[in-house]
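Enquirer: Chains A, B, C and D, in that order, give the protein sequences.
Numbered according to the working numbering, the first sequence terminates at residue 1088, and the numbering increases by one at each position without gaps.
Numbered according to the working numbering, the second sequence terminates at residue 534, and the numbering increases by one at each position without gaps.
Numbered according to the working numbering, the third sequence terminates at residue 325, and the numbering increases by one at each position without gaps.
Numbered according to the working numbering, the fourth sequence terminates at residue 377, and the numbering increases by one at each position without gaps.
Structure incoming, see below.
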Amino acid sequence: MNQTSNTGGMRARGAALARHPLFLPLLALVALLLLNRAFNPHFFQIVNQDGHWFGSLIDILNRASPLALVALGMTPVIATRGVDVSVGAVVAISAATAAVLIGGQMHIVNGVETYASNVPMSVAILAALGVGLLCGLWNGTLVAWVGMQPIIATLILMVAGRGIAQLLTAGQIVTIYYQPYFYLGAGYLFGLPFAVYLVAAVLGLLWWLMKHTALGLFITAIGINPVASGFAGIKARTITLCVYAFCGLSAGLAGLLISSNVKSADGNNAGLLMELDAILAVTLGGTSLGGGHFSLIGTLIGALIIQTLTYTTYSIGVPPEANLVVKAIVVFVVCVTQSDVVKKLVIRERMTLEGGR
Amino acid sequence: MNANTPLPAAPALPILHMRGIDKRFPGVHALKNVEFRLFPGEVHTLMGQNGAGKSTLIKVLTGVHPADAGEITLAGQQVHLTAPEAAEAAGIRTVYQEVNLCPNLSVAENIYIGRFPKRAGRIDWATLNRAAADLLAGLALHIDVTRPLNTYPIAVQQMVAIARALSVDARILILDEPTSSLDEDEVQKLFTVLRQLKARGMAILFVTHFLEQTYGISDRITVLRNGELEGEYRVDELPRLTLIHKMVGRQIDLESLNQPQANAATAGETFLNARDAGHSGGVQGLDLEIRAGEVLGLGGLLGSGRTETARLLFGVDGCDSGQLAVGGKQAHFKSPHDAIQHGIGYCPEDRKTEGIIADLSVRENIILALQAKRGLFRYLPKKRQYAIADEYIKQLGIKTPDADRPIGLLSGGNQQKALLARWMATDPKMLILDEPTRGIDVAAKLEIMDQVLALTRKGLAILFISSEMGEVVRVSHRIAVLRDRRKVGELPAGSVDEQAVFQLIAGGEQ
Amino acid sequence: QAADKLVLGFAQVGAESEWRTANTESVKSSAKEAGVELKFSDAQQKQENQIKAIRSYIAQKVDVIAFSPVVESGWEPVLREAKAAKIPVILTDRAVKVSDDSLYTSFIGSDFLEEGRRGGRWLADHYKGVTGPIAIAELQGTVGSAPAIDRHNGLIEVIKSDDRFKIIASQSGDFTRAGGKQVMEAFLKSHAKEINVVYAHNDDMAIGAIQAIEEAGLKPGKDIIVVSFDATKGGFQAMMAGKMNVSVECSPLLGPQLMETAKLVAAGKPVPKRIVTKETVYPMETAAAAFPSRKY
Amino acid sequence: MKPLNSTERFSLGRLFDARLLPLLITLALFLLMFGYGSVAYRGFFSLQVFLNLFIDNAFLLIVAVGMTFVVISGGIDLSVGGVVAVTTMISATLIQNHHLSLWVVTPLVLGMGALFGAFQGVLIQYFRLQPFIVTLGGLFLTRGLCFLINIESITITDPVYTSLAEYRFAIFGCFVSANVVIALVVFAVAIWLAHYSTFGRVIYAIGGNERSAMLMGLPVARTKVLVYTLSGFCAALGGVTFTFYMLSGYGLHAQGMELDALAATVIGGTLLTGGVGYITGTLFGVMILGVIQTLITFDGTLSSWWTRIAIGALLCIFCVMQRLLERHSTGKKRDSIGHQKGVKAAPPARQPEAASLGPNLTLEQPHGV
Ligand SMILES: Nc1ncnc2c1ncn2[C@@H]1O[C@H](COP(=O)(O)OP(=O)(O)OP(=O)(O)O)[C@@H](O)[C@H]1O
Ligand SMILES: Nc1ncnc2c1ncn2[C@@H]1O[C@H](COP(=O)(O)OP(=O)(O)OP(=O)(O)O)[C@@H](O)[C@H]1O
Ligand SMILES: [Mg+2]
Ligand SMILES: [Mg+2]
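Rendered as structure tokens:
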């Protein structure tokens, strides 16, 4: 008897788990990982080489970091019913700023390669982040104070931003030679890529803000009903401004990671189409583009799904011309399985099964 | 269902018969084995407390929500309506609770969409607009029907919703609290029309919380309580007190409803003072003085600018002429946030778009203004939030399974109570209540009025706006009367009755 | 009013790569030198924008129109309009497919297919006498773009008769460093130690791949042979560092030839229908010697 | 195109109807830009330059019209660029490699476009998925399909096709292409649909408040699926005209056209929150994007990056002016919380005419007086 009640409790807990909004995104991620495993037996293998962990999973984590940062920044924006399509351009601007400021030359002194940066690295990093923040403030001003529609307000920077980035780099790909800078995007800390810690930090910060300040409540309220939020005394404009500013900042950080990882800044291609992937990540994580409730962890899972998918197409030998079709199919499948209709079907199935016994 | 109250003899065959209707929402058993009959040529009023299940019964009937059990017969035929579309096709016209129209479409379109007059394959706008204007004129409403609906106040919108339902001949007309923000006058107009329709044999299902209206128009009353059928009665068999008793399940002193409640002794210091205040395009030259411990009623007709006054005082519309002073010091409200910092709270009349935040829980809705007042960083711990929410849920009798239910899922009246709780939680010095009793049942109305008066006794200042003039007269210490967005006079309450107010509105100077 | 100054309308594709930027730079600077008034427009990588630009040059009545078509097809209607307006057209960088050859006057540019063959031939040369199998990982350019298609086909043409060579993995890196690095990373994991050669469709992807190879603890240029295209500055530096084995040149410096041809055309003098740019293959051994004279 | 004023007497209030204001402002700004170009650049002020705006943007107009309907219904369709590309690809393949006739291929691809739109609509409506995601998936799918068909571009040499593509209608010594005629027909039909058909009004109703529309007994589900079908159809028609324009099929055609179409729609005054929008506005939006581009080519001195910055800056100046003028001329300052004009839940936008024309809401004498 004890046993039956036990399994009953477990089943109930299982059902509750299955109903959790993050369950399906997580399931999709796991399914993709398993698919990889089927093609590549070493997929889950992680080996330790001189203190660093190596393996496909680590690669995916590392690669997903910039996207995760951008998507995390995008999440509150989307929660306020907005959207920021300029993040890709902001990534490029920030990368260009950092690269131009650091640049650096290689001198060969007595046969030893030494590197010098143009300005101290910390200055360059701060400048790049500052530029990202500025871009975000610009977007936020247009949306909150001028009252433009978010997509068009950010479209302006999306178009002009790449121009600005190319202006900074004079249309060239600026190669960075300053070794310490590479740590950001390619370095390791305690065996894991440094970028992963950055994502964790940003996630932690957001998490703290959402749980220990009223920010989460206010953002959700604004997203659901901006007018009523105003009547309740929430300063919707200020919060909207901050949200866009943060989005710009995190895109700036992602720009640093990307430029550091490829040791160069490419005004035209850095972060190209990243806005779409970021929005996709947010939505795959269960946040509605209509504003309102949002999930940071969901966004993170969404970013991981996208990166895993990319990795999968590369590693299991999908021909390049089929990449997009595969991506589309995965998006459709993940969305449809998450839809209420399918959920209901599944639940009804289970109910009749249990009832039948 | 109360088996011991036999249903009165039927005059004919019911056109609509709902039997054994059962409906559960997660956590709420909204309808329990309910039976309902509607006969041709009658006005049948559905009564019950907030959350009793009236709207749900209607939505089950029109196919918005599928019933869990039960059957519906229309003119003897069993039907399965799966969507409002199907209900319309079956000859059922419905005005749902709250205005459910499209704010962006013109008034005329809102009335006729779905049945546009066509000429040569295209919508005949001229005919459409003329027909709409005529129809509204029949309800004594003369407005520009080509303007978008959302340029009109909520009361006009409600009239438009009614006009839409009347615009086509139907077998059954359902009106779910259509009169909640209408003046006495419009209500009478509506009733005239309803009586004509009734005479033509239409079956009308009516929901209201106003007893006078119930007794003014109905032939038959069905009472729901807690999702169960309490009974079906002919209106002449059911005295008011019994009706209330059946709705609420306990005795209520109806007399107190009609007594002037305010006693003038409590008034204290002037809290808010408006001098020649105005907002371009809105109210002008407003002189108003609101004292602590006093209820100031605002009298006026539909569109007289009462809501605009409230918006002005709350910083929604900036005050761009004249000045406001709080506690003797000049104040400048750039946004509601500023007003809230000065201790002012505002329950807006348009609960759906300006009040509730539908997807947030009852708890979050209740603490929202308090939190906004405290600012971003002094976040109320969850425990405090629950404590506050639970306290008000209990105090105001908000009917909800728990504090975590999205407020949008509560019945209309309970949403209103939660909004009141939102402002009471901020511990305000002054409250602006714009139609606070809209859609609230008799018992709750009494409770809310009691709460309001209790607050004034503790020194709160209240600006009270209601389209029920009787209510204004009863609770106010003073009444300021507006006409055409200007204040035309002020009356001390207690000594005056509704007549005096109407006289002032109509043009007699004080 | 400056009646005698030649007006040249030049519709550039975009600024999507270093190569393209160098190309633009070359056209601009040589126009200045040659005293030609240049009307420049950037089509942001969209063919329709290029067509719009050409149409507006016709409306502006420029003397000569030049443009770099990224795609061969789709030019006929607008070229007909140009012809009707009696404005001569010069193609740079790439030819177009039209039913009527008289729609353009001359074509100056390189041949991606030939470049692909050169890359293939270098490989065949490099592995002369070695017994296979030789596994190639290909980093393609943007799917559907002309250089990607032709550099791929050129390679196939050369190696299909040689069964030692085998392309074991092929993916698009979109001509970018980040793309090249990411794809290579995945290849290195899924094809662990098999890859002998990386065949990258441009230097940028090759540089990205080199980074990935290094981070995996291998030596690019030695453990894995790197074949690439364009011979840009970055490519040369990689070659001088011994990390890239060969870069097949694809010269963007078409400006001087273009100005010369434009002047001839405007003066009504005959010009050759096809002007081939001089391009070579730079193996890493020659890189250091050639580097100082490189302009891009 | 404003339907509502066909009624009754003429009045001053009508002339400056606040709903027409955004359109008028957009038109005025367009004229301003065109005027600036005419003054600043030789050869700019000519009929042909003006007509070129139509020739070069006919396909964009068609696509944007479809997009406008979707946006008015409160959705978004990102797949249009992909649908255009795949249409060019399928048309070119069938005509060039399979030698089918133009008259067979065109209806076929139009049908496929509509079908694909319907597919997306069904996913959105019946599976309750977000339009953004579904159509983004649609974009990936359609672009991907192009490359599965052929990664190279296919030139069309079919004589019927080329002669149609190169046919020019003369107007006062200048000319327009067949595409322009198709686009104008689409435009006219769209105006009829939007303002003179029940279908169109239901789209507006859904955008205004979907739940209310449902409760009003309107065919919400069917209309929503049809809106995406319509957008798919327009995108396919845009693809057909694009094929005429380019005489080729290619997977990289019409890159980023979804954003251009969206920008044109939004610039034209359509709100992404749904319920508000004008087909004519979309036409102006397309024209404005075209004029910005034309200005830049006529200038001819901007480098690649300055080109981008200039486009962004012009777009910005335009949008900010539009907002400021609108706000200024509606006279009334925004209330302190009206987030942005016309947000779905906006409080009743109180308009100035009510004040200036005097109250037109008259009431009977109150009871008992
Ligand atoms: N969609 C829904 N989901 C969950 N619960 C609901 C839903 N709609 C109504 N309820 C619940 O069902 C009960 C009955 O609500 P209903 O709206 O029918 O009340 P009502 O009698 O119309 O009240 P009122 O007079 O306040 O309008 C309430 O407890 C309400 O919270
Ligand atoms: N005579 C009128 N005709 C048309 N509209 C009017 C008229 N009077 C007022 N209005 C509208 O009503 C608004 C002012 O009404 P407000 O909402 O402040 O009135 P109210 O007294 O609160 O009426 P309600 O009974 O609707 O709450 C004005 O902005 C105007 O748009
Ligand atoms: Mg109700
Ligand atoms: Mg009011």
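Glycine included, every Cβ here is placed at the ideal spot set by N, Cα and C.
Whose Cβ in chain B lies nearer than 7 angstroms to the Cβ of Val958 of chain A?
Expert: Taking the first sequence and counting its residues from 1, one reaches residue 958 of chain A at position 227. Simply Thr377 and Glu378.
Enquirer: Is Trp111 of chain D buried or exposed, if buried means 16 or more other CB atoms sit within 10 Å of its CB?
Expert: What you label residue 111 of chain D is simply residue 103 of the fourth sequence in a count that begins at 1. With fewer than 16 neighbouring CB atoms inside 10 Å of its own CB, Trp111 of chain D falls in the exposed class.
Enquirer: Is Gly240 of chain D closer than 7 angstroms to Ala122 of chain D when the C-beta atoms are compared?
Expert: As a first step, residue 122 of chain D must be located in the fourth sequence, where it is residue number 114. As a first step, residue 240 of chain D must be located in the fourth sequence, where it is residue number 232. When the beta-carbon positions are compared, Ala122 of chain D and Gly240 of chain D come within less than 7 angstroms of each other.
Enquirer: Quick one: what does DSSP say Thr370 of chain D is sitting in, helix, strand or coil?
Expert: Taking the fourth sequence and counting its residues from 1, the one referred to as residue 370 of chain D is at position 362. In this prediction, Thr370 of chain D has a pLDDT of 26, which is less than 50 and means its spatial position is unreliable; what the coordinates show is noted afterwards. It is a strand residue.
Enquirer: Short check: CB of Gly170 of chain C to CB of Phe204 of chain C, under 7 angstroms?
Expert: Position 141 of the third sequence, counting from 1, holds the residue named residue 170 of chain C. Position 175 of the third sequence, counting from 1, holds the residue named residue 204 of chain C. Their beta carbons are under 7 angstroms apart, which means Gly170 of chain C touches Phe204 of chain C by this criterion.
Enquirer: Please report the Cβ distance between Gln74 of chain C and Gly38 of chain C, rounded to the nearest whole angstrom; I am assuming they are in contact, meaning their Cβ atoms lie under 8 angstroms.
Expert: Here residue 74 of chain C refers to the residue found at position 45 when the third sequence is read from its first residue. Here residue 38 of chain C refers to the residue found at position 9 when the third sequence is read from its first residue. So it is not a contact: roughly 19 angstroms between Cβ atoms.
Enquirer: Counting contacts by CB-CB distance shorter than 7 angstroms, is Ser55 of chain C in contact with chain A?
Expert: Counting from 1 along the third sequence, the entry for residue 55 of chain C is found at position 26. Closer than 7 angstroms: no.
Enquirer: Please state if the CB of Val231 of chain B and the CB of Ala467 of chain B are separated by a distance shorter than 7 angstroms.
Expert: Numbered from its first residue, the second sequence carries residue 467 of chain B at position 443. Numbered from its first residue, the second sequence carries residue 231 of chain B at position 207. No, the pair does not count as a contact, with Cβ atoms beyond the cut-off.
Enquirer: From Tyr176 of chain B to Gly494 of chain B, what does the alpha carbon distance come to, in whole angstroms?
Expert: Position 152 of the second sequence holds residue 176 of chain B. Position 470 of the second sequence holds residue 494 of chain B. One C-alpha to the other measures close to 25 angstroms.
Enquirer: Does the Cβ-Cβ distance between Ala88 of chain C and Val57 of chain D come in under 7 angstroms?
Expert: The residue given as residue 88 of chain C occupies position 59 in the third sequence. The residue given as residue 57 of chain D occupies position 49 in the fourth sequence. It is a contact, given that the beta carbons lie within the stated cut-off.
Enquirer: Give a yes or no on whether 7 angstroms exceeds the smallest Cβ distance from Thr163 of chain D to chain C.
Expert: Against the fourth sequence, residue 163 of chain D aligns to sequence position 155. Chain C contact via Cβ: present.
Enquirer: Residues with a Cβ closer than 5 angstroms to any heavy atom of ligand 1, in chain order?
Expert: Taking each Cβ in turn, the ones that pass are B:Phe49, B:Val52, B:Ala54, B:Asn74, B:Gly75, B:Ala76, B:Gly77, B:Lys78, B:Ser79, B:Thr80, B:Leu433, B:Leu434, B:Ser435, B:Gly436 and B:Gly437.
Enquirer: Give the DSSP bridge partners of Phe96 of chain C, in chain order.
Expert: Position 67 of the third sequence holds residue 96 of chain C. In DSSP, Phe96 of chain C forms a bridge with C:Ala40 and C:Leu120.
Enquirer: Let me make sure I understand the geometry here. Which of C:Val275, C:Met234 and C:Ile188 has the alpha-carbon closest to that of Glu47 of chain C?
Expert: For this step, residue 47 of chain C is matched to residue 18 along the third sequence. Glu47 of chain C has its Cα closest to that of C:Met234, out of C:Val275, C:Met234 and C:Ile188.
Enquirer: Below 7 angstroms on C-beta distance, what does Asp233 of chain C contact in chain A?
Expert: Here residue 233 of chain C refers to the residue found at position 204 when the third sequence is read from its first residue. By Cβ distance, chain A contributes Ile904.
Enquirer: Could you give the residue range of the beta strand (DSSP E) that holds Ala301 of chain B?
Expert: The sequence position of residue 301 of chain B within the second sequence is 277, counting from 1. Unbroken beta strand (DSSP E) run through Ala301 of chain B: Thr294 to Gly302.
Enquirer: Starting from Val226 of chain C, follow the beta strand (DSSP E) in both directions and report where the run begins and ends.
Expert: If you number the third sequence from 1, residue 226 of chain C lands on position 197. Unbroken beta strand (DSSP E) run through Val226 of chain C: Val226 to Ala229.
Enquirer: What does a CB cutoff of less than 7 angstroms around Thr134 of chain C pick up in its chain, not counting 5 residues either side in sequence?
Expert: Translated into positions along the third sequence, residue 134 of chain C becomes position 105. So the qualifying residues of the chain are Pro117, Val118, Ile119, Val294 and Val300.
Enquirer: So which of B:Leu40, B:His361 and B:Ser345 has the shortest CA-CA distance to Gln101 of chain B?
Expert: Translated into positions along the second sequence, residue 101 of chain B becomes position 77. Ranking the options by Cα distance to Gln101 of chain B, first place goes to B:Leu40.
Enquirer: Taking the alpha carbon of Asn779 of chain A as the point to measure from, which residue in A:Tyr912, A:Gly834 and A:Tyr919 has its own alpha carbon closest?
Expert: Taking the first residue of the first sequence as 1, we reach residue 779 of chain A at position 48. Of the listed residues, the one whose Cα sits closest to Asn779 of chain A is A:Tyr919.
Enquirer: CA-CA distance, His347 of chain D and Ser359 of chain B?
Expert: Mapped onto the fourth sequence, residue 347 of chain D falls at position 339. Mapped onto the second sequence, residue 359 of chain B falls at position 335. Only weak support is given to the placement of His347 of chain D: the predicted model assigns it a pLDDT of 36, under 50, and the value that follows is read from those uncertain coordinates. In this structure, the alpha-carbon of His347 of chain D lies about 12 angstroms from that of Ser359 of chain B.
Enquirer: Quick check: what's the CA-CA separation for Asp92 of chain B versus Ala107 of chain B?
Expert: Here residue 92 of chain B corresponds to residue number 68 of the second sequence, with the count starting at 1. Here residue 107 of chain B corresponds to residue number 83 of the second sequence, with the count starting at 1. Taking the straight line joining both Cα atoms gives about 15 angstroms.
Enquirer: With DSSP collapsed to three states, give me the class of Arg398 of chain B.
Expert: Indexing the second sequence from 1 puts residue 398 of chain B at position 374. Helix at Arg398 of chain B.
Enquirer: Let me make sure I understand the geometry here. Which of A:Arg812, A:Leu788 and A:Gly786 has the alpha-carbon closest to that of Gly1021 of chain A?
Expert: Within the first sequence, residue 1021 of chain A is the residue found at index 290, counting from 1. Out of A:Arg812, A:Leu788 and A:Gly786, A:Arg812 has the C-alpha closest to the C-alpha of Gly1021 of chain A.
Enquirer: Listing by chain order, which chain A residues have their CB less than 9 angstroms from the CB of Arg446 of chain B?
Expert: Locating residue 446 of chain B in the second sequence gives position 422, counting from the first residue. Within chain A, the residues near Arg446 of chain B are Ala963.
Enquirer: Output yes or no for whether 7 angstroms exceeds the beta carbon distance between Met879 of chain A and Cys327 of chain D.
Expert: Here residue 879 of chain A refers to the residue found at position 148 when the first sequence is read from its first residue. Here residue 327 of chain D refers to the residue found at position 319 when the fourth sequence is read from its first residue. It is a contact, given that the beta carbons lie within the stated cut-off.
Enquirer: Measuring alpha carbon to alpha carbon, tell me which residue in D:Thr34, D:Thr206, D:Pro227 and D:Ile325 is nearest Lys142 of chain B.
Expert: Counted from its first residue, the second sequence places residue 142 of chain B at position 118. Closest option to Lys142 of chain B, Cα to Cα, is D:Thr206.
Enquirer: Mind checking whether the beta-carbon of Gln121 of chain B lies closer than 6 angstroms to any heavy atom of ligand 3?
Expert: Indexing the second sequence from 1 puts residue 121 of chain B at position 97. Gln121 of chain B Cβ: within cutoff of ligand 3.
Enquirer: Taking only beta carbons into account, state which residues of the segment 371 to 403 of chain B come closer than 7 angstroms to chain A, listed in chain order.
Expert: Pro372, Thr377, Glu378, Gly379, Ile380, Ile381, Ala382, Asp383, Leu384, Glu388, Leu392, Ala393, Gln395, Ala396, Lys397, Leu400, Phe401 and Tyr403
Enquirer: Per DSSP, what kind of secondary structure is Asp458 of chain B in: helix, strand or coil?
Expert: As a working mapping, residue 458 of chain B is identified with position 434 in the second sequence. Looking at Asp458 of chain B - three-state DSSP - the assignment turns out to be strand.
Enquirer: Would you tell me roughly how many angstroms separate the C-alpha atoms of Ala316 of chain B and His501 of chain B, rounded to the nearest one?
Expert: Working through the second sequence from its first residue, we reach residue 316 of chain B at position 292. Working through the second sequence from its first residue, we reach residue 501 of chain B at position 477. So the alpha carbons of these two residues sit roughly 11 angstroms apart.
Enquirer: In chain order, which continuous runs of the beta strand (DSSP E) of length 3 or greater are located wholly inside the segment 48 to 87 of chain C?
Expert: 66 to 71
Enquirer: In three-state terms, what does DSSP make of Lys352 of chain D?
Expert: Locating residue 352 of chain D in the fourth sequence gives position 344, counting from the first residue. Reliability fails at Lys352 of chain D, whose pLDDT of 31 lies under 50, so the model's placement of it is uncertain and the value that follows must be treated cautiously. Lys352 of chain D: coil per DSSP, three-state reduction.
Enquirer: Helix, strand or coil: which one does DSSP assign to Pro430 of chain B?
Expert: Your numbering for residue 430 of chain B matches position 406 in the second sequence. If DSSP states are grouped into helix, strand and coil, Pro430 of chain B belongs with the strands.
Enquirer: By the 10 Å Cβ neighbour count, where 16 or more other Cβ atoms means buried, how is Thr309 of chain D classified, buried or exposed?
Expert: The residue you call residue 309 of chain D lines up with position 301 of the fourth sequence. Per the 10 Å Cβ criterion, exposed.
Enquirer: Mind listing which residues of the segment 165 to 188 of chain C have their C-beta closer than 7 angstroms to chain A's C-betas, in chain order?
Expert: Of all residues in the segment 165 to 188 of chain C, only Gln169 and Val172 come within less than 7 angstroms of chain A when Cβ atoms are compared, listed by chain position.
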